[in-house]
Amino acid sequence: MQAVALMREDRALRLVEKARPEPAAGEVLVRTLSVGIDGSDRRIVDGEIGEFPEGEAHLVLGHETVGVVEDPNGTDLERGDFVVPLVRRPTDDAGGSSDELDMAEPDTFVERGIFGAHGYMAEFFASRPEHLVVVPESVADYGFLVEPASLVEKSLEQAFAARSAFEWSPSTALVLGNGNLGLLALARLADRPEFERTYCLGRRDRPDPTVDFVESVGGTYVDSRATPPEAIPETHEPIDFAFEATGHPNHAVEVVSALASNGVATLQGIPGSAEAEIDLGEFHAGLVVENKALLGVVNSRASHFEAASEWLAETDTETLDGLITGVFAPEEAEAAFDDDETTTKTVVTFE
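For the sequence shown, counting from 1, position 195 maps to 195 in the UniProt record's numbering; every step adds exactly one.
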């Protein structure tokens, strides 16, 4: 079978031939339909993050995927079921619950297509059923969006849980970042009835397709060069919920000034090393005096995948198509991984 892999020796991206996996007892064989590419995938190729499977000369890429069960292999799944796989696996992948893998301690898991285990950018893959989420056929064409959308669902769940000790009635939401995850998050927040007004922070000049997308879902575009996060309350209004999707470490500090009293910001981006001068007293006091919260959010569990699938099933295809800037065959993978200001979400399809 064909697979798109990153080679250990020269870190080249190549289309390789691999043996079709034979599902072990308790595993199913899944035929891959399509795989989304995000910023993490590009950082892996660039050598910023990621880890090859032990003893392997390559890493099969891809963690955002949708497939169809080819061989249920005696499990409760059925041939033809559409499924989206979770990313994390316990290091001793011998079964058991996957409910809390998203909160697992370091060194107790691998992440398929990211570190320690091959991903899904191949014609077939094998998986235990408890690491697969069944989705309706109506979601299959956009199933590669379930995994990134699940991060938004988890962030919202965590934010509301953090405010559950009192009556919290948010009405404003801000997304920091107009990349593929940021725009997907904005579309989701715009669909939430409690968020009457949504904003998206970016660094693009008009005309720009991402600015057009922000406005198409009813959001307000905020150019960070003119209005940094700390200026948003005065220029626009204080923010109740903020979703950071840039990995820019300064935003983890600046977003606190953008929050309203009792506001919550979730941080999803993973930055590299960075230094900055900040007023630690002002930062600390802003959190304490106005009951603000910062939450780090990474990975997600089956319930978040299910919630994401439900949202995608209800979302009009015009909105989802607006997120996709290219669909490529496996032999065009290098082009699929190219990135510039016209790129939002690219997809490799095996259909």
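Glycine residues also receive a C-beta, built at the ideal position from the N, C-alpha and C atoms.
As the crow flies, the alpha-carbon of Leu6 is around 43 Å from that of His284.
Using a Cβ distance threshold of 8 Å, Asn291 and Arg88 do not count as a contacting pair. The beta carbon of Ala190 sits closer than 7 Å to those of Thr198, Val217, Gly218 and Gly219, all from its chain and outside the five residues before and after it, given in chain order.
A contact between stretches requires three or more CB pairs, one per stretch, nearer than 8 Å, and the segment 39 to 56 fails this requirement with the segment 133 to 142. Separation of Leu186 and Ala122 (C-alpha to C-alpha, rounded to the nearest whole angstrom) is 30 Å. Per DSSP, the continuous beta strand (DSSP E) segment holding Ile239 begins and ends at Ile239 to Glu244. In the three-state scheme derived from DSSP, where H, G and I count as helix and E and B as strand, Pro129 is classed as helix. The DSSP assignment places complete beta strand (DSSP E) segments of no fewer than 3 residues inside the UniProt domain "Alcohol dehydrogenase-like N-terminal" (25 to 136) at 28 to 37, 58 to 60, 64 to 71, 82 to 85, 88 to 90, 109 to 112, 124 to 127 and 132 to 135, in order along the chain. Using a C-beta cut-off of 8 Å, the segment 206 to 217 makes no contact with the segment 62 to 81, since fewer than three inter-stretch Cβ pairs fall below that distance.
In terms of CA proximity to Gly263, Phe166 leads the group Met1, Leu77 and Phe166.
Val133 is a Cβ neighbour of Phe305, given a cutoff of 8 Å.
Between Val146 and the set Val288, Asn180, Arg14 and Pro170, the nearest pair of CA atoms involves Asn180.
According to the DSSP assignment, Val217 belongs to no alpha helix (DSSP H), since it is labelled neither H nor E. Here Leu151 is buried, its C-beta having at least 16 other C-beta atoms within 10 Å.
Residue state for Leu183 is assigned as helix, using DSSP reduced to three classes. Burial is judged here by how many other beta carbons sit within 10 angstroms of a residue's own beta carbon; Ile239 has at least 16 and is buried. Annotation for Glu334: Leu13 place their beta carbon closer than 8 Å to its own, counting only its chain and skipping 5 residues before and after.
Secondary structure at Gln268: coil, using DSSP grouped into helix, strand and coil.
The alpha carbon of Ser169 has as its nearest neighbour, out of Ala260, Gly36, Ala252 and Leu183, the alpha carbon of Ala260. Its Cα nearest to that of Glu275, the residue Val253 stands out among Phe144, Val253, Asp212 and Leu176. Gln2 has Glu17 as its beta-bridge partners, per DSSP.
For the 8 Å CB-CB criterion, Asp339 and Arg42 form a contact. Nearest neighbour of Gly113 by Cα position, chosen from Ala3, Val68, Val28 and Ala149, turns out to be Ala3. About 7 Å separates the Cβ atoms of Glu48 and Gly272, confirming a contact at the 8 Å cut-off.
For Ala161, no beta strand (DSSP E) encloses it; the enclosing alpha helix (DSSP H) starts and ends at Val146 to Ala162. In the structure shown, Thr210 adopts helical secondary structure according to DSSP, grouped into three states. One Cα belongs to Phe160, the other to Glu331, and the distance between them is close to 44 Å. Inter-segment contact for the segment 221 to 229 and the segment 193 to 212 is present: three or more beta-carbon pairs are separated by less than 8 Å.
For the options Leu184, Val68 and Gly326, the alpha carbon positioned closest to that of Thr343 is the one of Gly326. When C-alpha distances from His118 are compared across Ile270, Leu320 and Pro21, the shortest belongs to Pro21. Here DSSP, grouped into helix, strand and coil, assigns Gly326 to strand.
Residue environment analysis places Ile37 among the buried positions, since at least 16 neighbouring C-beta atoms fall within 10 angstroms of its C-beta. Our two residues, Phe109 and Ala302, have alpha carbons roughly 16 Å apart in a direct line. If only uninterrupted beta strand (DSSP E) runs of at least 3 residues are considered, those enclosed by the segment 284 to 343 are 293 to 296 and 324 to 328.
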